[in-house]
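Residue numbering for the sequence shown follows full-length UniProt numbering, starting at 1 and increasing by one per position. A virtual CB, placed ideally from N, CA and C, is assigned to each residue, including glycine. Every value quoted in this text rests on a predicted model; they were computed, and no experiment measured them.
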Amino acid sequence: MRQATEEDTRLISTPLSWPAWPVLPLKRNDDQVFGIECGFIFSGDTDLTVYIHSMFGIDELGGTTWAEKLSLIEDKKKYATVSELLDDGWVVD
1 MRQATEEDTR
11 LISTPLSWPA
21 WPVLPLKRND
31 DQVFGIECGF
41 IFSGDTDLTV
51 YIHSMFGIDE
61 LGGTTWAEKL
71 SLIEDKKKYA
81 TVSELLDDGW
91 VVD
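In structure tokens, the structure reads:
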């Protein structure tokens, strides 16, 4: 897995530049989850919450709005800063 770069910082900090806006897919090494853990952040959040779920399976959760879909994801982690998120191993996928 690669290390975080300035491009990761820039992308995470500028949601309107995200290729899959309103979400940005992330990944990190995780020896307990087949080596790679997938997640994403949502541009509408007021904090940095990583939803630990494939963004490609979001429609299968149910709910009609992003708020409803995101509320159905139980596994998530909040970060205070972009640096904290990157230090935890997350990079843009």
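In terms of CA proximity to Gly39, Val50 leads the group Glu74, Val50 and Leu11. Taking C-alpha positions only, His53 is separated from Gly35 by approximately 15 Å.
Between Trp66 and Pro15 the beta-carbon gap is near 13 Å, outside 8 Å, which marks them as no contact. In the structure shown, the three-state DSSP call for Leu72 is coil. Within the model, the alpha-carbon separation for Glu60 versus Val92 is close to 23 Å.
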